[in-house]
Every structure is written in C-alpha cells, then in structure tokens.
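Here's the structure, in structure tokens; my notes come after.
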Amino acid sequence: MIEVKNLTKKYGDNTAVKNLSFTVEKGRIYGFLGPNGAGKSTTMNIITGCLAATEGQVLINGHDIFEDPKEAKKCIGYLPELPPVYPDMTPYEYLMFVAEAKGVSRDLLYNEVMRVMEATQIVDVADRLIKNLSKGFKQRVGIAQAMLGMPEIIILDEPTVGLDPKQIIEIRELIKSLGKDHTVILSSHILSEVSAVCDYVMIIAHGTLVASSEIEDLGQYLVGSTSTKLLAKGDSERIANSLASLPGVTVKSVSKDEREADDVYEYILEADKNADVRESIFNKMVDIGCTILNMDTKTMGLEEVFLKLTDEEAEVYKAQREAEKAEKANRKKKNKEIAEDKKAKEDKDDGSEYTSLFTVSDSSSDNDDSANNESEEDEQ
Ligand code: ADP
Ligand code: MG
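Using the working numbering, the first residue of the sequence shown is number 86, and each one after it goes up by one.
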C-alpha cells in the first residue's frame, strides 16, 4: 500500500531523515513513534507529497508521489501537525470547500460532508465559526477534512497534541474507529498513545528507524530482557554456583537482606531473552536442598524499551557526529598545512616580488615580514 525506500531529507547540513525504508499494509493502524525532532513530520510531509525528498522513493498504491502526485494523493487524507482550518469559516463551509477542492463531484458534495461530520461527531457545531470551537473540536474538523473523498489511507501528525485528557480519549476512540475503513498512520511522541491505539509501531530516532514491530513484540529488541530477583535460604556460595551452572542464567549479584535470617540472601539473575528459567531455578534449588522464599521475574516495560532504543540511537548518533567533526577539523588542518607549504614554497621561489608588493600596499608598516605574515593569516 505504501512503500518508502531509502528516503533521505536534508535541510542544509542537517539530515532530518536518513535512509528510511518501510512498508505499510492495508487495514491496520500504524504508529510512528519518536521523540521531538526525530523526523516524524518531515517523513509524513514527504509521504503525502507536501515536501520534496533529497533522495529516495515513495510509492502509494504503486503511484510514485514525486512522479505521479495526482494519483498518489487521491489515496491519502492528511492532517498535518498544524491543522489547515480556516478560523472564519464554519465547519460545514470549510468541509464543503475542501471537498470541492479534492474533486468530489457536485451532486455528492452534501452527502460526503455529512458523512464525515457524522463520523467525527461535529454535526452539532456545523454552523459555528471554527475559531470559536474548542481545540478538541477543531481537531475533529481537521480529521473530518482528512476523511473527505474516502481516501484509503489517513495520515495524522500528532493528532492529540495540546488536547486535554478527555479530548485525548475521544480523539483516540475516533482514530480507532477510522481504522475500520482506512489504513491509518499516526505519529506521536507518547508511547502509551501508540500502544493504546495502534496495531503496529515504527520507532524513529534521529531520522532512522530503530524498531519496527507489532506492539506486543516490541520486547524482541531487547537482549537480556528478563531479570529475576530471588530470595533464598541456604549457603550463599553454593546457591550462587548452582544457579550460575544453569544454562542461560547469569548471576548478577548476591546480597544480604538484613531484615531476614542470617542465611537468607537476595540473588539477582539475568536470563537470555525469551528464556523462561523459573522452572529450572526451582528444580535446582530443590536438588541442592535450599528453600526459595520469593521469586520475582521482571521483563522490561514498553516505556523502558522505547527509552533504551532511542537512547542507544542517540549515543550512536552522538559518536557519529563527533567522528564527523573530528574528521572535518583534521581535513581543515591538513588543507591549512598544504596551503602553508605551497605559500612557503612560492615565497621562497619568488620572495623579492612579494616583499616589494606588500611594502607598497602597506606603507605604514616598516617591517616587511610582519605584513607578510598578517596577510597570510587573512587568507586562511
Ligand atoms: P518531529 O516531527 O519528529 O518532531 P521534524 O520532522 O519536525 O521532527 O524535524 C526533524 C529535524 O529536522 C529536526 O532537527 C528539525 O529541527 C529539522 N527541521 C524540520 N523542519 C525544518 C525546516 N523547515 N528547516 C530546517 N530544519 C528543519
Ligand atoms: Mg512533528
């Protein structure tokens, strides 16, 4: 349905989107998740044909957004970050205007506008001026506008930003209902929003896709994701060694719990991802005749996954930028050296001419050498 291939967008020196590739399939709700400045709006503006890419290709139902924008855009309804609503129009007037601009035929106009107003529940405010509506209702008008013409795909850029909690819940419900008849892509910097509304998540950080999966499979991106806290009674060295001998288990720490009896210790264990080691831990403890008082297994929550993924990316990004900077400085230094060498050579070859030239141009200077040096520095 949507194919994005090696998309890159540069704003001057700043690369906002880097070699991004992904596909969107029919009938699902996709979440485009990332911190502020990650490149979400840039990507959405390119996919919807509002912004040119520096490199790469976007196909909407097989139509290239850059080469065949008219056909491609017919498949998409878009609500940009700043909704394009006219404050001095009523929702009805505004939607009639947009429907006409989108090419809805005249005899269908009224029905189409009524359809989207009913779906977004704005019929009651259809004749008020948009500027007098609450932010939640303005956003509904924006979503209604995106639905006009029954596009297969609806793209919403941060649709709940700036809304109060009640409005957020209502808009999320509305988006879920859109998912019944449309393929939806929404962007957000709030993980809980994406996990509440979407089937599938793509996480973007610094213009790069760092994760792409079904919401429930997001944990696969973690290595060593389960940590087990064990409270056990017995010889701590023997217990630690026995636990460490279990395949896939690493003993991270052994510590004394002061509130418990002398031979009660706390063991923090880490297991390979996806390995459930609780049973083997239990059996091992029975084997060696020690008692488990408590066992608590924790998998990393979504919030932690998100932070970890975007942080890791930030680290890589920072390292890359620093390497680039160092290389640039190095290159500059080398160029300077080459220029100096060249200059020194030229001066040596034909020193008299330069000296006399500078003497003429800088009559106040009675020292030829200093004039020469100054001018050399200026050139760099
Ligand atoms: P997001 O929507 O995820 O917050 P954006 O796509 O708006 O991110 O921005 C990505 C990066 O591109 C940011 O570093 C931002 O400062 C930069 N950027 C966005 N728009 C422009 C622009 N018109 N000119 C220059 N830089 C821009
Ligand atoms: Mg944005």
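Backbone N, C-alpha and C fix where the C-beta goes; we use that ideal spot for every residue, glycine too.
Hey, residue i and residue j are a contact pair by Cβ (cut 8 angstroms); roughly how many whole angstroms apart?
i    : j    : result
V109 : I270 : 6 angstroms
Y115 : C283 : 6 angstroms
H274 : N121 : 6 angstroms
I288 : G119 : 6 angstroms
D242 : M129 : 5 angstroms
S338 : K125 : S338 to K125, Cβ: 40 angstroms. No contact.
F391 : L276 : 5 angstroms
Taking residue i as part of the beta strand (DSSP E), name the residues at either end of that continuous run.
i    : result
N196 : Taken as a continuous stretch (DSSP letters only), N196 belongs to no beta strand (DSSP E), being part of the alpha helix (DSSP H) at R191 to A204.
L214 : Unbroken run through L214: none, as it is neither H nor E.
Y350 : V349 to A356
V109 : N99 to V109
L118 : I114 to L118
G141 : E140 to I145
M235 : No beta strand (DSSP E) contains M235, which DSSP labels as neither H nor E.
T245 : Premise fails: T245 is in no beta strand (DSSP E) and is neither H nor E.
M287 : Y285 to A290
V170 : Careful: V170 lies outside any beta strand (DSSP E) and carries neither H nor E.
I87  : I87 to Y96
E299 : T293 to E299
V339 : V334 to K341
V269 : T268 to S273
L68  : Absent from the structure is residue 68, since the part of the chain shown begins at 86 and ends at 465.
A360 : Counting along the chain, A360 falls outside any beta strand (DSSP E), and DSSP gives it neither H nor E.
A346 : No beta strand (DSSP E) contains A346, which DSSP labels as neither H nor E.
Which same chain residues, not among the five before or five after residue i, have their C-beta less than 8 angstroms away from its C-beta?
i    : result
V478 : What is shown of the chain runs 86 to 465, which leaves residue 478 out entirely.
K261 : I114 and V282
A211 : T175, P176, Y177 and M202
D348 : K318, G319, D320 and S321
V189 : E197, L233 and G234
Would you mind reading off the limits of the alpha helix (DSSP H) that contains residue i?
i    : result
V279 : L276 to V282
D372 : R363 to D372
K159 : P154 to K159
T127 : K125 to I132
E258 : P250 to L263
A325 : S321 to A329
G227 : K220 to M232
L180 : P176 to A186
Which one of the options has the shortest CA to CA distance from residue i?
i    : options                   : result
A101 : I131, F107, E343 and S297 : I131
P280 : A290, L294, T293 and R257 : Before going further, note that residue 280 is Ser rather than Pro in the sequence given. With distances taken between Cα atoms, S280 lies closest to R257.
G292 : T395, F151, S321 and S277 : T395
K393 : A346, A290, E364 and P332 : A290
L316 : V295, R323, E345 and L294 : E345
P250 : A186, I228 and E278       : E278
R363 : N326, G162 and S312       : S312
F151 : L92, D357 and D266        : L92
A157 : E88, N104 and S272        : E88
M85  : G188, R213 and A184       : The requested residue 85 is not part of the displayed model; the chain covers only 86 to 465.
M232 : V349, L164, K421 and D347 : L164
A229 : G162, T133, A186 and S272 : G162
Y96  : L331, G221, L136 and E343 : L136
S106 : K125, K413 and Q142       : Q142
S297 : F117, V371, G112 and K111 : F117
G234 : L259, K428 and C160       : C160
D342 : N379, E412 and S330       : N379
G112 : D209, K265 and I145       : K265
M86  : V286, P236 and D192       : P236
Leaving aside the five residues before and after residue i along the sequence, list all residues of the same chain whose C-beta is less than 7 angstroms from its C-beta, in chain order.
i    : result
L263 : I239 and V269
K314 : E351, I353 and D381
K94  : A101, V102, T127, I131, A138 and T139
L328 : V334, V336, Y352, L354, I366 and K369
D173 : L214 and K216
G134 : I150, P154, A157 and K158
L248 : K220, G221, Q224 and I256
V445 : Here the model assigns V445 a pLDDT of 37, short of 50, so the residue's position is not dependable, and the following value carries that caveat. Cβ within range, chain order: n/a, list empty.
K90  : S106, G141 and Q142
H148 : E156 and A157
In its own chain, which residues sit with a C-beta less than 6 angstroms from the C-beta of residue i, not counting the 5 before and 5 after it?
i    : result
I324 : A317 and C375
S441 : Caution applies to S441, whose pLDDT of 35 falls short of 50 and renders its modelled position unreliable; the model cannot decide the point.
G436 : Low local confidence applies: a pLDDT of 48 at G436 is under 50, so the model's placement there is unreliable, and no value is given.
A123 : I289 and A290
K418 : none
T245 : I253 and I256
H267 : I239
I373 : S327
S330 : none
Any heavy atom of ligand 1 within less than 6 angstroms of residue CB: hits in chain order: Residues with a Cβ closer than 6 angstroms to any heavy atom of ligand 1, in chain order: Y96, N99, A101, G119, N121, G122, A123, G124, K125, S126 and T127.
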